[in-house]
Amino acid sequence: MKKQIISLGALAVASSLFTWDNKADAIVTKDYSKESRVNENSKYDTPIPDWYLGSILNRLGDQIYYAKELTNKYEYGEKEYKQAIDKLMTRVLGEDHYLLEKKKAQYEAYKKWFEKHKSENPHSSLKKIKFDDFDLYRLTKKEYNELHQSLKEAVDEFNSEVKNIQSKQKDLLPYDEATENRVTNGIYDFVCEIDTLYAAYFNHSQYGHNAKELRAKLDIILGDAKDPVRITNERIRKEMMDDLNSIIDDFFMDTNMNRPLNITKFNPNIHDYTNKPENRDNFDKLVKETREAVANADESWKTRTVKITVNLKQNLLL
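So the sequence shown is numbered by the UniProt record's numbering: it starts at 1 and just counts up by one.
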């Protein structure tokens with residue numbers, strides 16, 4: 001199944017000023033202090049007015065979040081994108097680190113003020129603000145402009161590198177909308193065969209657990225129902241088809257049964273009896289027909305599977 005490249009992007013949430021917690025120090029080990037593009041003297045520029053600062057910080061947070069989400073896109077999990085992703089997140093985390101260090105310094109100043117206030121007003125009911133709830137109270141216009149521009153340039157450079165990568169790797173070129181829809185429909189039409197196997201065996205006394213395992217693997221491949229994996233290029237299409245065929249082969253290998261060349265595809269409109277009780281006869285017919293097809297199948301499918309496996313291994317060695 002598709003493996004996402006582990007990169008600096010995985011640390012973005014842990015290190016972010018906007019989601020920072022005290023455990024992050026143990027997670028983020030690289031020093032990002034020299035990655036920021038903010039000039040040292042910019043902190044002496046005119047401060048942004050208090051009434052506007054919150055909005056400015058939200059904008060920077062949105063930029064950082066957008067960059068992080070770019071790296072989380074499924075199609076960018078391919079190895080060709082790793083260097084571009086690391087470069088983007090190094091810059092983003094560098095600017096994020098700049099803001100974080102600024103917040104730490106301001107929080108230390110606040111703690112000193114608070115301690116002094118409590119010593120002078122021992123009966124005061126004022127409670128100390130936790131670091132997580134503490135907001136930056138000073139940022140200059142130059143600091144903001146340089147942070148904003150740096151983040152924008154980082155994203156623009158990443159998008160440019162993505163286009164360059166895709167121009168060299170044609171199977172990574174994004175589908176147009178019509179092609180994506182056509183390919184997606186084709187994938188889900190094939191998925192209906194897996195739905196058939198699940199329907200035929202999920203209640204089987206001997207193979208029920210295998211059917212449930214098959215269904216669980218399918219859910220991993222397709223992604224969350226509310227946020228399914230988009231089939232946006234030829235490589236994703238091919239890998240998904242390979243994965244789907246692989247879990248079907250696993251099912252038959254684990255059950256020591258044979259995979260038929262053709263089985264009737266599960267159609268919710270005529271086979272789903274949980275929402276349409278009148279479909280029960282159609283469902284039972286599908287189960288009977290599928291089990292008979294499996295019982296009558298020969299072992300020729302194993303030869304096809306071996307050939308595919310050998311070809312894959314040979315490709316890996318090239």
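Glycine residues also receive a C-beta, built at the ideal position from the N, C-alpha and C atoms.
Count the other CB atoms, across all protein chains shown, that sit within 10 Å of the CB of ARG182; report buried if there are 16 or more and exposed otherwise. ARG182 should be labelled exposed.
Where GLU193 and LEU244 are concerned, what is the direct C-alpha to C-alpha distance, given to the nearest angstrom? Roughly 10 Å between the two C-alpha positions.
Assuming LEU53 and LEU151 form a contact by the criterion Cβ under 8 Å, report the distance between their Cβ atoms to the nearest whole angstrom. Between LEU151 and LEU53 the Cβ distance is about 18 Å, and since that is not below 8 Å, they are no contact.
Around the C-beta of SER33, are 16 or more other C-beta atoms found within 10 angstroms, so that it is buried, or is it exposed? SER33 is exposed by the Cβ-count criterion.
Determine the burial state of SER36: buried for a count of at least 16 other Cβ atoms within 10 Å of its Cβ, exposed for fewer. When all chains shown are included, SER36 counts as buried.
Which of helix, strand or coil DSSP assigns to PRO277: If DSSP states are grouped into helix, strand and coil, PRO277 belongs with the helices.
I need the boundaries of the alpha helix (DSSP H) containing GLY94, first residue and last residue. Going by DSSP, GLY94 is part of the alpha helix (DSSP H) stretching over 82–120.
Between the Cα of GLN166 and those of ARG235, GLU120, LEU222, spot the shortest distance and give me the residue it belongs to. Between GLN166 and the set ARG235, GLU120, LEU222, the nearest pair of CA atoms involves ARG235.
Which first and last residues belong to the alpha helix (DSSP H) in which GLY208 is found? Looking at the DSSP string, the run of the alpha helix (DSSP H) that includes GLY208 is 208–222.
Quick check on GLN83: buried or exposed, where buried means 16 or more other Cβ atoms within 10 Å of its Cβ? Counting other Cβ atoms within 10 Å of its Cβ, GLN83 stays below 16 and is therefore classed as exposed.
One question on the structure: do ALA297 and ASN258 come within less than 7 Å of each other, judged by their Cβ atoms? Taking 7 Å as the cut-off, the beta carbon of ALA297 is found closer than this to the beta carbon of ASN258.
If you draw a straight line from the C-alpha of ALA225 to the C-alpha of HIS204, how long is it? ALA225 and HIS204 have their C-alpha atoms spaced approximately 26 Å apart.
By the three-class DSSP mapping on this structure, what secondary structure does THR140 have? Strand, per DSSP.
For MET241, which residues from the same chain have a beta carbon less than 8 Å from its beta carbon, with the 5 sequence-adjacent residues on both sides left out? Cβ neighbours of MET241 beyond the five flanking positions: ILE187, PHE190.
If you pair each beta-carbon of the stretch 202–221 with each one of the stretch 171–181, do three or more pairs fall below 8 Å? No: the two stretches stay apart, fewer than three of their Cβ pairs being nearer than 8 Å.
I'd like to confirm the pairing. Which residues does DSSP put opposite ASP227 in its beta bridges? DSSP, once it has assigned bridges, lists ASP224 as partnering ASP227.
Going by DSSP, name the residue or residues bridged to PRO47. DSSP lists THR140 as partners of PRO47.
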